[in-house]
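Everything below concerns the one structure shown next.
There are 4 protein chains.
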Amino acid sequence: MTFEMNEKTKALRAQLIDFMDEYIYPNESVYEKQLNEGDTRWEVPPIIEELKEKAKQAGLWNLFLQSDEHGPGLSNLEYAPLKEIMGRSLIAPEVFNCSAPDTGNMELLEQYASHEQKKKWLKPLLEGEIRSAYVMTEPDVASSDATNIQTSIVRDGDEYVINGRKWWISGIKDPRCKIMILMGKTNPNADRHKQQSMILIPVGTPGVEVKDYLPMYGYDDAPSGHAVVEFNNVRVPVSNMILGEGRGFEIAQGRLGPGRIHHCMRLIGMAERSLELLCKRANERVAFGKKVSEQGVIRNWIAESRIEIDQARLLTLNAAHMMDTVGNKIARKEIAMIKVIVPNMALKVIDRAVQVHGGGGVSDVFPLARLWAHARHLRLADGPDEVHVETVAKLELRRQAEIAKDLPTVTV
Amino acid sequence: MTFEMNEKTKALRAQLIDFMDEYIYPNESVYEKQLNEGDTRWEVPPIIEELKEKAKQAGLWNLFLQSDEHGPGLSNLEYAPLKEIMGRSLIAPEVFNCSAPDTGNMELLEQYASHEQKKKWLKPLLEGEIRSAYVMTEPDVASSDATNIQTSIVRDGDEYVINGRKWWISGIKDPRCKIMILMGKTNPNADRHKQQSMILIPVGTPGVEVKDYLPMYGYDDAPSGHAVVEFNNVRVPVSNMILGEGRGFEIAQGRLGPGRIHHCMRLIGMAERSLELLCKRANERVAFGKKVSEQGVIRNWIAESRIEIDQARLLTLNAAHMMDTVGNKIARKEIAMIKVIVPNMALKVIDRAVQVHGGGGVSDVFPLARLWAHARHLRLADGPDEVHVETVAKLELRRQAEIAKDLPTVTV
Amino acid sequence: MTFEMNEKTKALRAQLIDFMDEYIYPNESVYEKQLNEGDTRWEVPPIIEELKEKAKQAGLWNLFLQSDEHGPGLSNLEYAPLKEIMGRSLIAPEVFNCSAPDTGNMELLEQYASHEQKKKWLKPLLEGEIRSAYVMTEPDVASSDATNIQTSIVRDGDEYVINGRKWWISGIKDPRCKIMILMGKTNPNADRHKQQSMILIPVGTPGVEVKDYLPMYGYDDAPSGHAVVEFNNVRVPVSNMILGEGRGFEIAQGRLGPGRIHHCMRLIGMAERSLELLCKRANERVAFGKKVSEQGVIRNWIAESRIEIDQARLLTLNAAHMMDTVGNKIARKEIAMIKVIVPNMALKVIDRAVQVHGGGGVSDVFPLARLWAHARHLRLADGPDEVHVETVAKLELRRQAEIAKDLPTVTV
Amino acid sequence: MTFEMNEKTKALRAQLIDFMDEYIYPNESVYEKQLNEGDTRWEVPPIIEELKEKAKQAGLWNLFLQSDEHGPGLSNLEYAPLKEIMGRSLIAPEVFNCSAPDTGNMELLEQYASHEQKKKWLKPLLEGEIRSAYVMTEPDVASSDATNIQTSIVRDGDEYVINGRKWWISGIKDPRCKIMILMGKTNPNADRHKQQSMILIPVGTPGVEVKDYLPMYGYDDAPSGHAVVEFNNVRVPVSNMILGEGRGFEIAQGRLGPGRIHHCMRLIGMAERSLELLCKRANERVAFGKKVSEQGVIRNWIAESRIEIDQARLLTLNAAHMMDTVGNKIARKEIAMIKVIVPNMALKVIDRAVQVHGGGGVSDVFPLARLWAHARHLRLADGPDEVHVETVAKLELRRQAEIAKDLPTVTV
């Protein structure tokens, strides 16, 4: 019934904090500079590969993996404080081979892929040699409802033929991205949750067309980007099917829980860094004759931010612990709860920091505007708030209906 | 790094839940009825003494006490889930001898009183034979700032003479209330925090005048009530001084931490019960052709309430754990944080429940309006929100100033 | 396209403000004192009849009436600033014969009653000689949906027989209350909005039983009160039917618009008075070495309150103007909008004032706690927020659907 | 005491709406396309000059000007509904020669410039032949407090020499921008509000260096942009001084009122367009088996948005009317009130629309993300919220202190 980190986590966290101080924060501007120096912004800044090498050597690698074959093997509860630290910089997670969508894809492959599939794609992903994309969302339907998906996967002899139109395919423009995991429908007439399948499509397969990227609040998120991708009679061997036809929904469900909590852990780090910047700025800046940090409303923002961050962190740790002990399915209410509250908390805290930074806050002088835009899209990615609110409401009403059997009904 | 209750707490909690189901909830209306049957409402409803006897025999007695001489001896972290259960009914805490202001007064006496003082006043309080009042707040000054206090305690030979005017003296109208602990100034010229002293004044001492009670949103809170009390040349022996002249501020500080967290624990129980009532009602009521629980906004309220309660509970447990491990002084930021957020959380949840109950919600058909009023006064009792917000801001800025030394300053 | 009051309104407003200063505010405590001096609180404090006489002589009488036969004959837009002034004191509206439910009942009778009915009941109401009750809400159904109503009105020869159970019948305990207007069903098999009828039932008719009053957040609202009323085989002559069988829903709709806007006007006055008290207190009180009014958060509350009140007033004036020019039916979106926003605005402003007044705020030392409770019940009276939100959403979506015909659909 | 537009405004508004439908909305994508086709994004898309010509011929030109020499000559109250319509598209205001910073600069020149200055710079601005920049904000100080400004203007014979560093100079990268109005200090030892002066600096004057642009949430706002500009020994003739040395603060104050209300009018248009898009999308999109517009929370958002927009519009009209009738100085509380509430209102409404549009909302498929970023910077431009909140609080407390003289002080 206590809340402390165990020794293993403490040690890794201390190591990670040092690494961030020494290698990450000072290189954020280097990364940005290299990105602008290339012929296009769709080339990988060399600094990132240098940092990856250092992180690997330091053993700060694949921390997200629960199995201990390719990393330290951490539970969700152990990983949470580490992912929070990484979340403080948008360039950090990749350095530790802990960035979406690769993490979710690696987990998926480890859990559901065949031996051959693992050898070909999981291994280089674990080594950080290639990157990957997760191809699910479609522009024409509300994709938060997976049963809406329209992309078709049709068997034709030894091949599957894929046709469809997807968007928000993050990372697809990265030159290192070599493999896509696509969700489509193999059988539109099957049971509602048996229609979908997941299939591996190597980048460069004929018929795959990457259209222009989708900016996010004006940011291109280069070199990864988010793009519309069209699939026109794309053919892959039948051995690229993951787990089997009709298993797509099941795989997607398994992938989502960890993905959502990883986002939340990162968001807590973003909020924490924003509060740090807010306090620093408020202490340095004078307006109308007194320090900004001495002004009542700013002090309120600081106190509220402190409280909101701490509440969100505890709720996230609680969800992590539930996932570790009773499993992702039983913990789905707890996962939905953090997916609702944590992005909204982070947006509030970051926005207060933006306001205190004035013109610098809304521009690129500080990382705040970019952090805000990133956090904002996390109210939509992996399901919009409304879907998760509905999950919480449904499960809570179900629980309360049990309790209510014993309650008297009041009459007037 | 986990959040479960230990076995001791689990067992007591199960016992407590059963006791609430069997004896407390069914007797809430009995209590109200007996209160209205007396000649005045300032008589003790007999049911309360009957229930106290049952609780004592069940060993559910003095659970708040950390020493195990007069109860099970629980840490704050162990007590929190129990006090939450008690908090679900406004009549419950007293039944388990766990109600304010007696709890704080007992802790104070146990910690600071002389052997003689303990024998005379602490013992019957621990037995639940008498009740007590805590006499601090004054109507003419902002009492959240203890240095404002004006009541004088002047030594005259073997006696102290007390003069002043106090208000919000809770419980003073209860016929079982036998002793007051008063804070006043013995030396207005001493250092700012050495001017105050605490002294014991038996109820009935000449010169003490209890004026009319202060209603709280229309509630008289009988038979305890809150009243204005005047002290005109009230004389008590010097042996009634607690700890010594000039120690009042120090004692007050020691009393406040536990008092504040106990309120928070109770508020979580109030919120939880309100959410329970909300869900039950929403499932039973039909408007415009569908169940209230199927309407989108109500589902949002349910999800938000679930999230807000769970966050508040975790933050409260965290504060409890800090108090247990690093002490109330170091944990004062954590205590301030919950004192800000928990009453406001409870007010939101209760108010949503009120709205779903319509006319019954704002009246006495359900306990909701009364719970709301009680929770509302807890945004003021033991310091208004603003004071605690300021504490959080000050301590967070201090912490951040340490961190900031290592941060680079950005120039444009 | 300007916002000034016309000369007629300005003159009446100035007169009203003087009257409030001279007669109303100083007598609020007299009223309370007389109320407590009677044998029960259900007797009329004599001061109220004295003040009514003065108001009548001053021509500040029946200001709510749009016809100029019994008052100055004001439009909604002219009445709004006057009702706001009255709203500043809970005892004021009655003094000017402008208090609910009499106002709505008088409007109803003037518009729909027969000559005989008017002579018997409308005339003494206009003179302020009697009071009345409006008997609509039922405890067992969501009465915001009028089609839920279950009380039966069955014709039996020359009489109608009424059976049913009603609650929240305001004013019924006032000894001057002589007549009830009840809504029930004459034909449960008719079209959905033709089942209901309204009928006059004199207080004291056999079979009418007034049960205990319903407190509102602990307030009894004496001498008017709110009560449960039972109707057991209550018989009245057929001539007591208003307008005719099956016309009840139509009459109710006509009554509601003005009733709702009158509440909103009053609420603006309550908020304005609360802000006045807040500022006064903040200027007088010192905490932690500086005036409360110099503390940042309090200044924020003041600015926000000023903005919120002014916005709410303008929206209310806009609704009043719409009602005057295009009629209550076309203005129903505007009426719904203020019915949602104004009580919530008032609650925020009053609650801030409560907080600044500390213990005095939640008690009866200042009028704030009582004002809050009154404002809170107005989020339910005449339909809960949720019903009005739904009205606004429905009408706005309808309007937007028209516009949308001309908008291009974006495809990705 | 009514709220209708007069005939003149109605006619212009109808004309404007038609123009927007015919020429503006369909050319938003053309504008964006041309911007991307140029060698750099810092060239003017030809479509804008074509549209300007059309607007000029239609008489929809210089609508912001109160004098009727160069346009229709409208009061603030008449202009407000027109500027709202223009505000619906980020490219529209320029088409009607009604875009910042030119509008403020033209007003400034018209009011304070010499005949020669007007001939040289005001005339081509009124004709839409050139554009201009307003050079005030500095990166190193809190520029919301104008007395902080550090740029120096030193007389040297027949010239002034300017040295300093400015930022957020909007429009400076536009190739049509020919003139800057700079605020600096001529005498740092004069009275606090007499130190500043305003001076004209032609673009291209030696010593002026335009540094890289400042993105705003990732947007470059090309071809206008916002940039850092350095002034190193920049020399202009003494005849370029506006009004005289030491008059800068006075001029700045005169410029601010209209600038702020124009922003607010535009923001209402942005919010209105966003609500339109929200409703359209919600009606077209299906999720989990029902239309998004039928889901409870979305309906709440629609109703709240409707209410919030209407309140903000009325408050803005009220401020416009005050400015027209009692002058900008007396109306400064009203101006501050809208500058606080309107950007925040718009942000809420736009963000709800973003959420309903999912991935398209945060990207460039719809104009929403860009509108949001634009609205967000208006919580900082022309003074951050906090400064205006403080203005409202100060003026309201001053007003209340007058009232309070007549109020009794309550003692307990």
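Chains as they are written, first to last, in full-length UniProt numbering: chain D, 1 to 412; chain H, 1 to 412; chain X, 1 to 412; chain C, 1 to 412. Every residue, glycine too, gets a C-beta built ideally from N, C-alpha and C.
Cα-Cα separation between Leu256(D) and Ser170(D), rounded to whole angstroms = Approximately 16 Å between the Cα atoms of the pair.
Any Cβ of chain H within less than 7 Å of the Cβ of Leu51(X)?
-> Not one chain H Cβ lies under 7 Å of Leu51(X).
With a cut-off of 7 Å, does the C-beta of Met337(X) fall near any C-beta of chain C?
-> Yes, its Cβ sits closer than 7 Å to a Cβ of chain C.
Below 8 Å, can you find three or more Cβ-Cβ pairs linking the stretch 357 to 375 of chain C to the stretch 339 to 350 of chain D?
-> The stretch 357 to 375 of chain C vs the stretch 339 to 350 of chain D: no contact.
For the beta strand (DSSP E) that contains Phe231(C), what are its first and last residues?
-> Where Phe231(C) is concerned, the enclosing beta strand (DSSP E) stretches over His226 to Pro237.
Between the stretch 396 to 408 of chain C and chain X, which residues of the former have a C-beta closer than 9 Å to a C-beta of the latter?
-> If the cut-off is 9 Å between Cβ atoms, the stretch 396 to 408 of chain C has Glu396, Leu397, Arg399, Gln400, Ala401, Ile403, Ala404, Asp406, Leu407 and Pro408 near chain X.
Compile a chain-ordered list of the residues in the stretch 246 to 272 of chain X whose CB is closer than 9 Å to at least one CB of chain H.
-> Taking 9 Å as the Cβ-Cβ cut-off against chain H, none of the residues of the stretch 246 to 272 of chain X qualify.
Chain X within 7 Å of Pro215(H), Cβ atoms only = So, interface residue.
Give the range of the alpha helix (DSSP H) segment to which Glu308(D) is assigned.
-> Gly296 to Val326 is the extent of the alpha helix (DSSP H) around Glu308(D).
Do the stretch 125 to 143 of chain H and the stretch 168 to 188 of chain H touch if we need at least three Cβ pairs shorter than 8 Å?
-> By the Cβ criterion, the stretch 125 to 143 of chain H is in contact with the stretch 168 to 188 of chain H, since at least three pairs of Cβ atoms, one from each stretch, lie closer than 8 Å.
Pairwise C-alpha distance: Val236(H) and Asn163(H) | Cα to Cα, Asn163(H) sits roughly 12 Å from Val236(H).
Thinking C-alpha only, which one of Gly383(D), Ile309(D) and Leu395(D) is nearest Asp145(D)?
-> Distance from the Cα of Asp145(D) is smallest, within the candidate group Gly383(D), Ile309(D) and Leu395(D), for Gly383(D).
Output, in chain order, the set of chain B residues within a Cβ distance shorter than 7 Å of Phe288(D).
-> Annotation note: the requested chain B is absent from the structure, which comprises protein chains D, H, X and C.
Helix or strand or just coil, what does DSSP make of Ala331(X)?
-> Ala331(X) carries a coil assignment under DSSP once its states are collapsed to helix, strand and coil.
Report yes or no: do the stretch 75 to 85 of chain X and the stretch 41 to 56 of chain X share at least 3 C-beta pairs separated by less than 8 Å?
-> Touching, no.
Given that Ile307(D) touches chain H, what residues does it touch there, using C-beta distances under 8 Å?
-> Leu315, Met337, Val340, Ile341 and Val392, listed in chain order.
Expected contact under 8 Å - CB spacing of Glu233(X) and Leu200(X) to nearest Å = Glu is not the amino acid found at residue 233(X); the sequence shown has Asn there. About 17 Å; that fails the 8 Å criterion.
Relative to the alpha-carbon of Pro367(D), which residue among Tyr219(D), Asn344(D) and Asn328(D) has its alpha-carbon at the smallest distance?
-> Taking only the C-alpha atoms, the option nearest Pro367(D) is Tyr219(D).
Less than 7 Å separating the beta-carbons of Ser305(C) and Leu267(C)?
-> Taking 7 Å as the Cβ cut-off, Ser305(C) and Leu267(C) do not qualify as a contacting pair.
In chain order, what residues of the same chain lie with their CB nearer than 6 Å to the CB of Gln195(D), ignoring the 5 residues before and after it?
-> So the list reads Lys185, Asn187 and Pro188, once near-sequence residues are dropped.
Are the C-beta of Gln311(C) and some C-beta of chain X separated by less than 7 Å?
-> At least one C-beta of chain X is nearer than 7 Å to the C-beta of Gln311(C).
Measure the beta-carbon distance from residue 421(H) to Ile261(H) and round it to whole angstroms, keeping in mind my assumption that it falls under 8 Å.
-> Outside the displayed range of chain H (1 to 412) lies residue 421(H), so it cannot be described from this structure.
Give the DSSP-derived three-state secondary structure of Met1(H) in the structure shown.
-> Reliability fails at Met1(H), whose pLDDT of 41 lies under 50, so the model's placement of it is uncertain and the value that follows must be treated cautiously. Residue state, collapsed to three classes: coil.
Can you tell me which of the three DSSP states Gly383(X) falls into?
-> Coil.
Under 7 Å between C-beta atoms of Cys264(C) and Val387(C) = Cβ atoms of Cys264(C) and Val387(C): not closer than 7 Å.
What did DSSP end up calling Glu28(D) once you bin it into helix, strand or coil?
-> In this structure, Glu28(D) counts as helix in the three-state DSSP scheme.
Just the C-alpha distance for Met1(H) and Met5(D), rounded to the nearest angstrom, thanks.
-> For Met1(H), the predicted model reports a pLDDT of 41, less than 50, meaning its position is unreliable and no value from the coordinates is stated.
Short Cβ contact (7 Å threshold) for Val392(H) with Ala303(D) = Closer than 7 Å, so yes.
State the Cα-Cα distance for the pair Glu49(X) and Glu32(X), rounded to the nearest angstrom.
-> Cα to Cα, the separation comes out at about 14 Å.
Terminal residues of the beta strand (DSSP E) in which Tyr213(X) lies | Counted as a single uninterrupted DSSP element, the beta strand (DSSP E) harbouring Tyr213(X) occupies residues Val208 to Tyr213.
Flag this pair as yes or no: are the beta carbons of Lys173(D) and Tyr213(D) separated by less than 7 Å?
-> One thing to note: Lys173(D) has its Cβ within 7 Å of the Cβ of Tyr213(D).
Cβ atoms of Ser293(H) and Asn283(H): under 7 Å apart, would you say?
-> Their beta carbons are under 7 Å apart, which means Asn283(H) touches Ser293(H) by this criterion.
What separation, rounded to the nearest whole angstrom, lies between the Cα atoms of Leu380(H) and Thr9(C)?
-> So the alpha carbons of these two residues sit roughly 52 Å apart.
Residue environment, Pro46(C), which counts as buried when at least 16 other CB atoms sit within 10 Å = Counting of Cβ neighbours within 10 angstroms places Pro46(C) among the exposed residues, the total staying below 16.
Find out if the Cβ-Cβ distance for the pair Trp167(H), Pro206(H) is shorter than 7 Å.
-> Cβ distance not < 7 Å, so Trp167(H) and Pro206(H) don't count as in contact.
Any C-beta of chain D sitting closer than 7 Å to the C-beta of Met1(H)?
-> Per-residue confidence for Met1(H) stands at a pLDDT of 41, beneath the threshold of 50, marking its modelled position as unreliable; the derived number appears in the next sentence. It does; some Cβ of chain D falls within 7 Å.
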